[in-house]
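Here's the structure we're looking at; comments come further down.
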Amino acid sequence: MAEGYVNVTIDSRQISVQKGTTILNACRAAGVNVPTLCHLDDVSTNASCGICVVEVKGAKRLLRSCTYSVWPDMEVYTNTERVRKARKTNLELLLANHPLDCLNCDRNQNCELQSLAYELGVRQTRFPRTKTAEIPLDISSPALIRDPNKCILCGRCVAVCAEVQTVHAIDFTGRGLSSKVTTFLDKGLGNVACTNCGQCALVCPTGAIIEKSDVEAVWKDIANPDLITIVQTAPAIRVGIGEAMGMDYGALVTGQMVAGLRRLGFSKVFDTQFAADLTIIEEGHEFIKRLSTGGTLPMITSCSPGWIKFIEHFYPEQLDHLSTCKSPQQMFGAVAKTFYAEKLNIDPRKLRVVSIMPCTAKKYEAGRSEMDGAFKYWKEKLDLCDEERFADVDYALTTRELARMFKEVGINFAQLPEEPFDNPLGTSTGAAVIFGATGGVMEAALRTVYEVLTGTSLEQVDFKDVRGMEGIKEAEVTINGTPVKVAVAHTLSNARKVLEEIKNGKSPYAFIEVMTCPGGCLGGGGQPIPTTWEIRKKRAESIYQEDINLGIRKSHENPEIKALYDEFLGQPLGLKSHHLLHTRYTPRGII
Amino acid sequence: MNARFDELKNIGQRLIRPQTPAIAVGMGTCGIGNGADQLFEAFRTTIAERNLDIQLRQVGCLGYCADEPLVNIYFPGKPLLVLHKVVKRDVTAIFKGIEKGTLPKRLVLCKISKWDHLSTVVEYGEGYPDIPEWNEVPFFKRQMKLIMRDAGLIDPSSISEYIAVGGYAALLKAVRTMTPEAVVEEVKDAKLRGRGGAGFSTGIKWELLRKAPGEKKYIICNADEGDPGAYMNRNEIESDPHMLIEGMMIGAYAMGAQEGIIYIRAEYPLAVERLTNAVKQATELGLIGSVIPGSDFSFTLSVVKGAGAFVCGEETSLMSSIEGYAGRARPRPPFPAQKGYLGCPTNINNVETWCNVPVVIGKGSAWYKATGTEKSPGTKVFSLVGKVKNTGLVELPLGEPLSTLVYEIGGGAAGKEKRIKAVQSGGPSGGCIPADKFSTPVDYESLAEIGAIMGSGGMVVLDQDNCMVDTARYFIEFTKNESCGKCVPCREGLAQELELLDKVVNGKATQEELTLMESLANSIGDTALCGFGQTAPNPVLTTLKYFRNEYEEHILRQHCSAGVCEALFDALCVNSCPMHMNIPAYLELLKENRLEEAFESTIRDNPLPGTIGRICHFHCQMRCRRETVDTPVHQGEIHRYLADTIYKMGSEQKIYETLMTEKKPATGKKVAIVGAGPAGLAAAFYLVRLGHDVIVYDANPKAGGVLRYGIPAYRLPREVLDKELELYKALGVKFRFNKRLGTDIHLEYLEKEFDAVFLAIGAYEHMDLPIPGTEYKGVIQGTVLLDTLERKSRVSVGKKAVIIGGGNVAIDAARSLWRVGTDVTVVYRRSRDAMPANKLEIEEAVAEGINFEFFTAPLSIKADAKGKVIALEVMEMTGGTFDTSGRRKPIETGKTRDIACDNVIIATGERVDSGLLEREKIVTTKWGTVCVEPYRYKTNRERVYAAGDMVSGPSTAAEAMGLAREAASFIDFELMGVKRFDQLFKTFDYSHEPPTEIVMTKQIEPRHLSVASRRGNFQEINRGYMGDQARLEATRCLRCDIRLSARG
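In order, the protein sequences belong to chains R and X.
Residue numbering for the first sequence follows the working numbering, beginning at 219 and increasing consecutively.
Residue numbering for the second sequence follows the working numbering, beginning at 1290 and increasing consecutively.
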């Protein structure tokens, strides 16, 4: 037996696993899928559900396979009557206090509790409801809705919020049956330091945390003949929506997605990636400017709205480090309702911009008061009053919401033809698509910054150092003989680390990319459930494949972007850009 | 530090044994609760006012809580005197006593000539020969003071006194002369086990931390004592806080920890205060916070007050709580020794575990292991509370049986006539241990074996007035509320368990739910995350294991024998009465002068009201709420009065006619009843009124069974019984006398001829007495003697008879023989208190001058050449340890003698004739009683039912009748398919106003025949109430059956 390995027997099958492996993982290695409702790899081992119990020879009680590591010659039984009974009993106990209104639930058919009840053969519970009071829904957030009645107190959301994101917006309160997950003083997610990242919704096994849906409003606008409703899709959607429509993990479905969106009735189907290229131009120039004029460094990217709210809450004194660039979603809205509206002679008040995002925080971002550059642009021109204010982006739907729309009208996704985006806001480069993966913005920016600064063409456009799922990645690029250190962080806990470094004056970086969600946008809080590391990696593969597929791989080479500057914006960091494409930030408290 | 240490030692020694008289008041929370603080103040002011040269100190608690407040008085050179139950008005007498040198006898509990503090012995002095030494007092006798070595003798606020009795010597020994590894080894070798309850080896736990990698290590003392009824940790800290600190410091040294935390219940303010003070003193002395001279060890210690949640006593929750998080369990592994407080390796031990450490190190492991058992050396402090006479903190060597704790130290049941039923050990995580398991040694393994745990040491004694279902429910409600709510089985499971228990206590559960309850409890224990949840179902599991009958009673009978589950009864007396006689109804009707209705009410519930009113054990009185005011209402005497009066007036005929007219139309069903004793008669009364054709078979020539052939006429005049049997004839019950089952009739025949057969033949076979000589002439069985007296009105006995036994038959036989002029001696192998006979009967027998020889066991019967009895050889016995029945085991002294006599009457108990049952193919239990479906009275034979003594074993007439009544109800249901039984009863309209004032009279004694007029006749002794007496007695009823709801 190899060193560091132990022999264990699982249901009479002998296998050898690495020392320190949990029983759960040893079982998986042996081909036994031990069910669990609370454990989630790399997120939580709360050990609360009592479903993953197994019988281990020599142990008096059943052991939780998620917490115990194997010991040499351990004999594990996962299928005894004792184990099956205990699992069923614990599941029944949960079901007794669970509202069994599956038909009306957002997570119907994608609910771990529901699936487990089916798998374990629990068709009814022997126990009555013991909780008397219904807990009111938390609808205070623009992005998320929490229904504590559906909560099974598995602790995944608390763990992801506290440990992955270090936000601590939610925690357990109360004792015994009164235990619940809630916010500080029950104020509601909308009134506390929540970043709206939606990772809680992504890990929730039931429908206790879901996004606040705008689907109905979007349907209504599409159906309104007086309105022109256009849609933009973020890079990560094309590698996610396929999953939600029953395809393989990470399926790359750009063309089908476009076709599907057309079938939903959108007037035009545009690409957020167009705006991503635009972002690179603006942000790249901003970086070059800071670098050359002694501006605040390191500069940190600002595309991820959860991250923005995080820094506003927890590190308001470091807001200067943020790039002033709006996110691609917002740049798209502002350009669509100005440049595009003007070009097609559309009354901007009748133009509706819907974005499809892998993100719940985008809902919040779209609603931020400062995100009305187009309105300000038109205000004088059209003599608008304040009551007529319109936002740059009207609705931000998640990948999951889009899937629901597809399903509602019976779109057979697999059979859709591949269709191209509309123009002029539909052309993008490989630099834009990689925005969907952690490190992508950095890589895209470097491709442009390098060429702008050096005036030479990059031969090797792949900056592999900033790719991959490692929490904090760093790279060094020599530009004109000067080494420039850059870093990429994903998840807010890693963001916190780089911020602490800056705070302590120890940050060696000039430029940092921060993405709120694990893996970047492809692992966003609005993406299909489940989203695991394995799935994230598959989505990333598709993203980088698309980078290659797109041919043009540098943002500054996007012909539509060039046209946009020529026809409308003038030059990067110019006055129009300043008004439409850049923004400001608000220091917030920690509550 | 060294010089200061010695200086403090001298100061302490002078404080403990001063040159002047000294008073020390026991000032634990328990003492203060009983007024020790006021007492202290009274002593202080008097000393100050009178400028007396008397030293006054406070000390901790000696543990005898039932006798608080305790005061120690010391005269230089004399033993320390311990006074008990001292109140403020005793102060003057005490000062006078100190002046004179003798104290009021009433106050003196014991003396302490010398006291072993283990690290040092304090010699107080010699003297006071009349006063028992402390360890001669039953409460202390079997105790071994290891943890409580200083409690009640030193001032807990004084470090000098602690040092004076050898405190901190073990610490200095450890850090100066031992390596940390050697300390760990010593603790390991001592086999010290965690006193928090789980009993894990302390040494191994220490070794784990010692070896755990990590710069920073912590030790924690778990002083979050929260079990209901447990308070030993409180007293240990309040009485001797330095002991804990010393133990922790030795532990820290051994494990390589630099920092210690004591997590203590905030609800223990006095303990917190004394502990904080002790930490301060130890810091000032240089023990804490600095390097101890002669070593390189330094240690800091802080006191953290608990957050008030029970679950914070669970180690992972406790660490969360110290870290500032909510007390919620964390999964283990990782174990605290790997990743504990603040992620650092941590050791957590209970207060008492730490307190053992100085002893282990000071005296060495070999000395330590001499106490207790092989696997569980040392002692354990128990808080003995509940229904025992002596409550308090008891420190016993491990391995002592529970009976020692409960009966010897606890002094047995607190209430007169009460029987201890169980001990709830180990708090909510523990279990209920039934009395018949009290021989179980109290150690970790033995308790675990019977499903309980030692836990922290709470021992709550329960008697027959505690309902075990309610007890389990209480604990589940507690744990349900205290569950941290993290894991599913504990959070959801306990709530469901409570739901189910609620159904049981309300009489609404089914047997399926009982099964569910059990499997749920097992599942919770099997899958809960932490020790709290894993053990929380123990109260349910152990009560189900040992008291399943109580659950079944609630479910199948909707009855709570203990009279606790309020939803199941209105008045306690009705609930206690085996026949559920509506006692408040006939009392109130009597008060309202509605005699006939009152009588009608009694006879509907009890067809023999005059008979049972005379001979009942009066279960009703044992639970009468009037007892909380003075003495119980004599409900039985009143229904006897009603019967006697109605019969005298002849008004019973009218009521008989009513019963006859309301008799149900003939059902065509034939019921055979075998046995015309109390059970058979009760069943016949109900079944015939339900319209069935009832034939009663009996082996005797007349009806009545034991009432006629067992109970002497001076207790039950035969004309009363005959009078009451008239009703049976009137109702149409047919009797077939001189027909003995198994001889004259057989079940096979009865089954063929009848639709139902009800067996009620009682328990008439005598137990065999295994001594030589029982075959001699002149040896008579007690039951045979009584039977013969009834049949022949005389019996041929000699001049002197010896009766063996202590039950009712023995007493009846003795008093009967005494009446016919025989010289009677009763020999009994135990004490008078241990006699199972009716206490009143024993008193009467003693009053009649019958000679009793207690602690006398029969050895053999001696006879002359003709085989005629001449003497009974007996062995003199003495009281040994307590057995599981709560009585001292009789032990032979070796001294034998002969008691000359002509007859030996054997009355050592009766049993069911199991041989007959076997022949009739009736399945019996291992006790020889008939095996029936619980509360359905169905035997293994189709259509054959049984109740009374043959099912329950020897019990009272009323109990037999109560069972028969239930059986009749069920038989009718089986025969007819509908429930009709309730139609036999009638609701009377009477006042439901509770009495506005309590008539302050104790129970009224009826007139009795003088002893002088009893000899030579069998005249009834009890002459019964006069009318005024009966009415006055009835007004004593508090009408607790009335439920009023407060409007607000």
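Glycine is no exception: its CB is placed at the ideal position from the N, C-alpha and C atoms.
Could you name the residues of chain R that residue i contacts, counting a contact when the two beta carbons are closer than 9 Å?
i         : result
X/GLN1942 : By Cβ distance, chain R contributes nothing, its closest Cβ being about 55 Å from X/GLN1942, past 9 Å.
Do the CB positions of residue i and residue j come within less than 8 Å of each other?
i         : j         : result
X/THR2182 : X/GLU2199 : no
X/GLY1616 : X/CYS1773 : yes
X/LYS2012 : X/GLY2087 : no
R/SER266  : X/LEU1818 : yes
X/ARG1762 : X/VAL1712 : no
X/GLN1910 : X/HIS1923 : yes
R/THR413  : R/LYS527  : yes
X/LYS1400 : X/PRO1368 : yes
X/ILE1387 : X/ILE1362 : yes
Apart from the five residues on each side of it in sequence, which residues of its chain come closer than 6 Å, Cβ to Cβ, to residue i?
i         : result
R/GLU692  : ALA705
X/SER1584 : VAL1464 and ARG1465
R/ALA493  : PRO546, MET549 and PHE550
State yes or no: is the beta carbon of residue i nearer than 8 Å to at least one beta carbon in chain R?
i         : result
X/ASN1864 : no
X/GLY1629 : no
X/GLU1855 : no
X/GLU1881 : no
X/CYS1773 : yes
X/ALA1598 : yes
X/PRO1622 : yes
X/ASN1770 : yes
X/GLU1788 : yes
X/THR2197 : no
Closer than 8 Å by beta-carbon distance: list the chain X residues that pair up with residue i, in chain order.
i        : result
R/LYS303 : SER1808 and SER1812
R/LYS314 : Looking at the sequence provided, one finds Ala at residue 314 of chain R rather than Lys. Ordered by position in chain X, the residues that pass the 8 Å Cβ test against R/ALA314 are GLU1781 and GLN1785.
Please decide whether residue i counts as near chain X, where near means a Cβ-Cβ distance under 8 Å.
i        : result
R/LEU311 : yes
R/VAL274 : no
R/ALA335 : no
R/LEU280 : yes
R/ARG757 : no
Starting from the beta carbon of residue i, find every residue of chain X whose beta carbon is closer than 7 Å, and list them in chain order.
i        : result
R/CYS267 : VAL1777
Residue i touches chain R at which residues, Cβ-Cβ below 7 Å?
i         : result
X/VAL1395 : A small fix is needed here, since residue 1395 of chain X is Arg in this sequence, not Val. Neighbours of X/ARG1395 on chain R: none; closest Cβ ~50 Å, over 7 Å.
Please list the partners that residue i has in chain X, where partner means a Cβ-to-Cβ separation under 9 Å.
i        : result
R/PHE402 : Under the 9 Å cutoff, chain X gives no residues; its nearest Cβ is about 13 Å from R/PHE402.
Could you pull the DSSP bridge partners for residue i from this structure?
i         : result
R/MET292  : R/VAL226
R/THR263  : None; R/THR263 has no bridge partner.
R/GLY513  : Its beta-bridge partners do not exist; DSSP assigns none.
X/ASN2140 : X/THR2114
R/HIS708  : R/MET733
Return the chain-ordered list of same chain residues with a C-beta closer than 7 Å to the C-beta of residue i, the five sequence neighbours on each side being excluded.
i         : result
X/TYR1542 : ALA1463, VAL1464, PRO1469, VAL1472 and PHE1586
R/LEU671  : ILE506, ILE697 and ASN698
R/TYR474  : Before going further, note that residue 474 of chain R is Gln rather than Tyr in the sequence given. Taken in chain order, the residues that qualify are PHE631, LEU634 and GLU636.
Give every residue of the same chain whose Cβ lies closer than 8 Å to the Cβ of residue i, excluding the five residues on either side of it in the sequence, and list them in chain order.
i         : result
X/LEU2333 : PRO2283
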